[in-house]
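S.K.: Chains B and H, in that order, are what the protein sequence lines are.
Residue 1 is where the first sequence starts when you use the UniProt record's numbering, and the numbers rise one by one after that.
Residue 1 is where the second sequence starts when you use the UniProt record's numbering, and the numbers rise one by one after that.
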Amino acid sequence: MYQWDFGILWSYRWLFLNGLGVTVGFTVVIVVLGLVFGLFGAFGSLSRFRALRLTALAFIEAFRCTPILVQLIWFYYALPILAGVEMTPITASALALSLYGGSFYSEIIRGGIISIDKGQSEAGAALGMTPSQSMRRIVLPQAIKRMIPALMNQSIIQFKNTSLVSVLAVPDLVYQSQVAAHDSYRPLETYTAVAVAYAAILIPLTIIVRRGEKRLAVSE
Amino acid sequence: MSDTTKIEIRALRKSFGSNEVLKNINLDVAKGGVVALIGPSGSGKSTLLRCINLLVVPDGGSVRVGDTRFAFGADTRLPDVKALAKFRATTGMVFQHFNLFPHMTTLQNVMEGPVTVRRMAKADAEKLARAQLAKVGLAEKADQYPATLSGGQKQRVAIARALAMEPDVMLFDEATSALDPELVGEVLNVMQRLASEGMTMVIVTHEIAFAREVADRLIFMRDGVVVEEGPARQVIDSPQEAATRAFLSHFHRTGALPPATPAL
């Protein structure tokens with residue numbers, strides 16, 4: 001029988017906290033950047049102009065249909081050779097994760113917008129609104145309400161996806177725990193603690209999302 | 001430009017794919033005139049109405065409302081979004097399914113056009129909106145959301161919302177077709193009062209008795225063409241064309257309007 005000893009992790013607490021800080025900070029950056037990419041992708045795919053639509057579609061499918069781990073490695077190792085841009089591991093992984101998340105956000109945002117009844121934008125147009133006015137005042141306020149649960153869900157997935165940046169030696173929670181595990185020879189305790197840390201942050205978030213979904217169902 | 005003709009439509013054509021919905025339509029509406037468009041579903045009457053404010057862009061012909069005229073054809077460029085928006089601001093439209101904005105109170109619904117399109121100050125827009133809501137008998141519902149209103153109340157709010165833009169012309173697209181029978185009267189009463197105040201109106205409707213009472217001209221359409229038109233009473237009471245007779249035989253053509261609600 002294995003003898004658990006979580007006490008040993010206490011001496012690595014600063015390492016873990018450091019890693020957790022990087023993980024959370026990284027998530028904030030890729031969620032914000034991802035939403036920006038997502039907005040461009042969504043509006044591009046709904047554009048009147050064919051070239052914009054095709055560009056947006058190419059972006060969405062390229063990042064949605066390839067594994068994020070491959071993208072991370074590709075951005076760090078292949079892009080510098082192809083494009084001649086040197087990137088730090090942090091920049092490369094932030095870019096890859098933001099674009100990956102952005103492709104999913106695009107589909108969520110696009111779906112939210114087209115789920116709004118056409119009569120709504122028609123009523124706006126009949127009042128004399130330009131398409132952008134009716135998007136801002138009429139369609140988006142209703143669509144955002146419908147998007148929020150799905151956007152939250154995708155952001156939770158993004159939070160967990162940050163664990164992959166450890167392959168590029170970005171010092172996130174997983175990377176630091178690898179260090180701790182090698183140093184302490186206690187991988188079981190280390191990775192159990194890491195799993196608990198992720199869950200401790202995400203479970204309250206999922207409860208918030210579920211409450212939001214319920215409130216949404218009531219108001220509609 | 002004529003002083004008396006408010007709406008002038010010439011040689012209007014529209015196809016959806018291979019389906020030709022409007023075939024060479026001509027239509028004149030006098031200032032203050034009330035025209036009823038009737039016909040079986042698929043006759044093109046709703047498409048014609050939507051061409052008047054260019055919610056549907058015609059393939060050919062011309063549309064004039066007031067002093068603004070647009071011509072359409074293979075070699076004419078479509079008007080840009082700003083010109084279209086400016087044009088639509090002068091015509092009010094009421095939809096079959098109300099299309100109220102569910103995320104706004106009724107007051108905000110009515111204020112939306114004046115504030116966003118006409119750039120009116122909020123306080124002035126609110127005054128205007130409250131006056132319009134009072135006019136349709138819903139002053140006390142200003143702070144409620146559309147979801148809490150009955151169908152008839154929703155449609156009256158939609159009329160107030162259109163009127164808040166102070167349009168020259170009002171277009172009604174089967175405004176009572178989605179209502180329970182007992183709620184039709186309150187909406188028709190608002191429309192009738194609007195007509196008697198001299199508003200230029202084009203009404204797509206299945207309420208033949210109402211059209212007979214309120215409209216001064218009636219147009220019967222079938223398969224994208226105008227089959228018969230003339231003074232409303234004359235066409236309804238003694239239709240000349242067989243198709244008009246056959247269509248009208250499905251309706252009670254006379255009788256009083258449905259009673260108004262006591263609130264009015």
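By construction, the Cβ of each residue, glycine as well, lies at the ideal position given by its N, Cα and C atoms.
1) Confirm the yes/no value for this check: CB of Ala143/B, any heavy atom of the ligand HEM, distance under 7 Å.
2) Using a Cβ cut-off of 9 Å, pull out every chain H residue sitting near Glu122/B, in sequence order please.
3) For Arg88/H and chain B, any beta-carbon pair shorter than 8 Å?
4) Residues in the same chain with beta-carbon distance under 8 Å from Leu188/B, minus the five sequence neighbours each way, listed in chain order, please.
5) Does Thr176/H pass the burial test, meaning 16 or more other C-beta atoms within 10 Å, or should it be called exposed?
6) Among Asp59/H, Lys6/H, Leu55/H and Leu248/H, which has the Cα closest to the Cα of residue 268/B?
7) Please confirm whether Val214/H has its beta-carbon closer than 8 Å to some beta-carbon of chain B.
8) Cβ closer than 8 Å: which chain B residues qualify as neighbours of Glu228/H?
9) Starting from the beta carbon of Ala126/B, find every residue of chain H whose beta carbon is closer than 7 Å, and list them in chain order.
10) So, Ala30/H versus Thr4/H, is the Cβ gap smaller than 8 Å?
11) Tell me the residue span of the beta strand (DSSP E) that contains Glu8/H.
12) With a threshold of 8 Å on Cβ separation, who are the neighbours of Arg253/H within its own chain once the five nearest residues in sequence on each side are excluded?
13) Identify the continuous beta strand (DSSP E) that holds Lys23/H and give its terminal residues.
14) How many Å lie between Ser163/B and Ile114/B at the Cα?
15) Whose C-alpha, out of Ile201/B, Ala193/B, Val209/B and Pro67/B, is nearest the C-alpha of Ile8/B?
16) Among Ala78/B, Ile138/B and Tyr198/B, whose alpha-carbon lies nearest the alpha-carbon of Ile156/B?
17) Just the Cα atoms here: how many angstroms apart are Ala160/H and Gln234/H?
18) Specify, as a first and last residue, the run of the alpha helix (DSSP H) that Phe101/H falls within.
19) Just to confirm, is the Cβ distance from Leu171/H to Asn53/H under 8 Å?
20) Using 8 Å as the cut-off, can you tell me whether the region 32-47 of chain H makes contact with the region 190-201 of chain H, which would need three or more C-beta pairs spanning the two stretches below that distance?
M.R.: In short, the structure shows the following:
1) The model depicted lacks the ligand HEM and carries no ligand whatsoever.
2) Arg50, Leu55, Met93, Phe95 and Asn99
3) yes
4) Tyr2 and Trp4
5) buried
6) One cannot answer for residue 268/B here, as it falls past the ends of chain B, which runs 1 to 220.
7) no
8) By Cβ distance, chain B contributes nothing, its closest Cβ being about 29 Å from Glu228/H, past 8 Å.
9) Asn53, Leu55, Arg88 and Met93
10) yes
11) Thr5 to Phe16
12) Ile208, Ala209, Arg212, Ile236 and Asp237
13) Asn19 to Ala30
14) 33 Å
15) Ala193/B
16) Tyr198/B
17) 32 Å
18) Run containing Phe101/H: none; DSSP gives neither H nor E here.
19) yes
20) yes
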